[in-house]
Each structure stands twice: as C-alpha cells, then as structure tokens.
Amino acid sequence: MRKFARRVRHAFAPSAVAAGLIAVLVGVTSSAAIVFTAAEAAGASPGETASWMLALGVGMAVTCVGLSLRYRAPVVTAWSTPGAALLAVGLDGVTMAQAVGAFLFSAALITLSGVTGWFERVMDRIPVPLAAGLLAGVLLQFGIGLFSSMEGDFAVVFAMFATYLVCRRWLPRYAVLLALLGGGLVAAFEGSLRLGSVDLALATPVFVTPEFSWQVLVSVGLPLFVVTMASQNLPGVAVLRGDGYQVPVSPVIAWTGATNLVLAPFGCYGMNLAAITAAICTGPQAHPDRDRRFLAGVWAGVFYLGVGVFGATVASLLATLPSSLILAIAGLGLLGTIGGSLASATADTESREAAVVTFLATASGFTLFGVGSAFWGLLAGVLTLVITRWGRRSESRKPLARREKRAL
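In terms of numbering that gives the first Met the number 0, the sequence shown opens at residue 0 and continues consecutively.
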C-alpha cells in the first residue's frame, strides 16, 4: 500500500504536472487560431472544425503518453504550426475530401521516413553545438517575449517575474507554477481574465472520405510533409538530444506518422515532435530528477486529451487569457533551456562560429520556399562548419616544411 501511494505521489509531482500544463497552454494559445483558419480555408463546418481539434488532441495524447512511457523520456508531440499556416493559404478552393487526401499523403511520407530510418541518419550527422544553436535560436523569441510583454501589461508580467525570482531562491521546484498563479491573480484583479465567458461543449468525430487529386497532393500534401519534417521534427529531435535524451528517432517518427495516418480522415492534418513546448518538459523546471521528467510528457498528453475532447470550447477559452500572460510564462519556463543551449553551442571553440551562425539564422525567423528558419539556420551552420574546417584540414595536410616556408 505504501509503495502504491509513493508511486501515485511521484506521478503527481507538481513540477511535472505544471510543466505539462504550461506546455499545452503555450502550444494551444500560440497556434490554435491558425488551425481554425486552416479549417475554414478548407470549408469546414463548425462540427468538422471541432472534429479537427478532437483528432489532433487525441493524436497528441496517445503519442505523448505512449512514447514518454515507452522510452522513459519527455517525448512531447504537437500539431504542425507551419503546416497549419501553409494550409490556411494552400487549401483555398480545395474541398474537404481533397484536403483529407493530402493529409493522408503527408502522413504516409512521414511514416515512411521513420520506417526507412533516413531522417535519423541525417540527424546523427549533425554536431551537438549546431543542434544546440538551432534550439537556442528557436526559443530566443520566447525569452525576449518575457520582457517585451512588460510594455503592454507591466503589472501582470512583472508580478510573474518577481514571483519566479523569489521562488527560484526558496521554492525552485514550484517557481514556474507559482509565477503562473501569481500572474493569473493579478490579471483577474485587473479584469483582463474573463473565465465566465467560456462555454463548455464536447467535440464529436466527423469522418470525411478522402479524395486523391494529384494536383492537391503535389501542391498541398508534399509541401506539408517537407515543412513538418524540416521546421518541426528537426528542431524537435534537437530539443531531446540537447537535454541528453537519446531517444531512437526512427520509431518515434514512424509512430507519429502512423497515428497521423489513422486520424487524418477526422481532421488530424499533421503531427510531429514538438520543439518549444517540448523544451518546457525536458528542462530542470519539469522535475529535479532527470529520469522522472518523462512524467511531464505524460501530463502534457493528458491535458492535450482534454483540449481535444473540449475542442469546441478552445476558441472561447483563448479569448479569456491575456497574451502577455502566455508570453511571460513561456519565457520563464524556457529560461533554463535557453541558457543551457547557448552554453552547449559555444563550448567548442572550433565549431563556435558555425553554432553562432545557426543560432542567428534560426532566430531571424525568415521563411524561404515555405520552409521555416530552423531548416535554413541549420543549413547555414553546416555550410559554415564544412567550409571553415575544410580549409583547416587542407592546411594541416601540407608537409611541415612547406608550411614553415610559406610562413617565412
């Protein structure tokens, strides 16, 4: 009985529960509006839009809980935000049946990438400093957002920052959670938190028979696959490896793709490894014991299931939360991860310049050919590393006498 009670107590570790909640809160509030826009572009009815949220929530819940428990690591998945942005533009004039056909095509390609293992082989060749620079660049905007949001709502954000600092000194395990509560209390006192306007409603699944049009597969399905892999799965793997979790990439990608494949007819357009929200669950703020942080991934899945089941409620809930509160809690939750990534990126002097190039290019946020800055930042860093090291290697191969003669 005592052993069971101890397991329950460990499973409900407040820091892990808080990390899972904050990860879901940040993920949903930052991009759910884009998902709704993509659904509208496909001509989805209100019931079909709610079904999209249900399918995405169930898919993320299954993969977060299942993969985190399987690998004892905080494996957090998310819907493809760049993918939703692409769909919001690309689905104009496309029927819902054709859109579902494109979702299935993209999911099949993702599954194939995991089964064949080609994506993992590419990731294995990326040096740790470049992966750390990539991660720091992806997360930088959230660290800056912590302080830039003070301009619009100083009372809420400063109260959260002050609470965080005090708790970091005396209650470090609960610093982020108490900062969130403190910000919520100040927001409620100001009147910017209006929870009374939320309408509770359950979502129901709506099955759409897919229709395969080669034009839509090429113009929507293929770009959706590329964007999901390059802009989402790539930094997602970097997050896990940056915090020391050597999770086998191929099975994880295969499972996310297969889950996406099953749920696509219900509106699950794209699912992948999370990066920003995953970093909230992989850092020390999620749990002081690194081997217990997988619980944060499990709790993220539990909360995602709630988001899916109450998919019709999400839109009204988003309107009640001040954007400054979301920006601030994301920044506070990622401070440790950003610091660790920057330290890892600049630790090796030989690859420091390439890591800094990766960091700056990724942080710039530019998009080219529909692919986000995470991919281009990594490409810029790899080119920098190859070219600078190639010159040094060529120099080192020359006989010592010739190098000395040239130096004279």
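Beta carbons: idealized from backbone N, C-alpha and C, even for Gly.
Nearest-angstrom Cα separation, counted from residue j out to residue i
i	j	result
THR345	GLY132	8 Å
CYS166	GLY307	33 Å
ARG124	SER372	19 Å
ALA40	VAL219	13 Å
ILE275	PHE365	17 Å
THR255	VAL246	14 Å
PRO13	ILE21	12 Å
THR94	PHE206	14 Å
GLY269	PRO222	12 Å
LEU260	MET52	16 Å
ALA107	PHE35	24 Å
PHE302	THR76	12 Å
GLN284	ILE252	26 Å
PHE309	THR319	16 Å
ARG71	ASP290	7 Å
Helix, strand or coil at residue i [DSSP, three-state]
i	result
ALA41	coil
ALA60	helix
LEU86	helix
ALA77	strand
MET270	strand
ALA367	Inspection of the sequence shows that residue 367 is occupied by Leu rather than by Ala. Strand at LEU367.
PHE265	helix
ARG124	coil
ALA202	coil
LEU129	helix
SER393	Confidence is the limiting factor: at SER393 the pLDDT is only 47, short of 50, which leaves the residue's position unreliable, though a coordinate-based value still follows. The answer is helix: DSSP assigns SER393 an H, G or I state.
PRO222	helix
GLY190	coil
TYR244	coil
ARG168	helix
Spatially closest choice to residue i from the options, by CA coordinates
i	options	result
LEU384	LEU201, THR357, ALA96	THR357
ALA200	LEU111, ALA187, THR312	THR312
GLY142	GLY305, ILE279, TRP375	ILE279
LEU134	SER230, GLY266, THR258	SER230
LEU192	GLY380, VAL155, VAL114	VAL155
GLY58	PHE211, CYS267, GLY282	CYS267
ASP347	ALA18, LEU129, SER148	LEU129
VAL175	PHE146, GLY144, LEU334	LEU334
GLU210	LEU86, VAL114, PRO264, THR80	PRO264
LEU377	PHE157, THR319, PRO126, LEU68	PRO126
ALA87	LEU359, ILE33, VAL238	ILE33
ALA408	PHE102, LEU179, TYR70	Because the chain is modelled from 0 through 407, residue 408 falls outside the range shown and cannot be assessed.
LEU68	THR203, SER343, LEU382, ARG292	ARG292
ALA202	ALA49, LEU103, ALA37, LEU359	ALA49
Exposed unless 16 or more other CB atoms sit within 10 angstroms - verdict on residue i
i	result
ILE386	exposed
THR361	buried
VAL99	buried
THR336	buried
PHE118	buried
ASP152	buried
ARG240	buried
PRO287	exposed
Proximity test, residue i beta-carbon vs the ligand SAH heavy atom, cut-off 6 Å
i	result
ALA346	With respect to the ligand SAH, the structure shown offers nothing to examine, as it has no ligands at all.
Chain B contact for residue i (CB, 7 Å cutoff)
i	result
GLY56	Protein chain content of the structure displayed is limited to a single chain, and chain B is not contained in it.
- Message: Would the segment 294-305 count as touching the segment 62-75 if we require 3 or more Cβ pairs under 8 Å?
- Response: yes
- Message: Under 8 Å, with one C-beta from each stretch per pair, do the segment 228-235 and the segment 33-48 reach the 3-pair mark?
- Response: no
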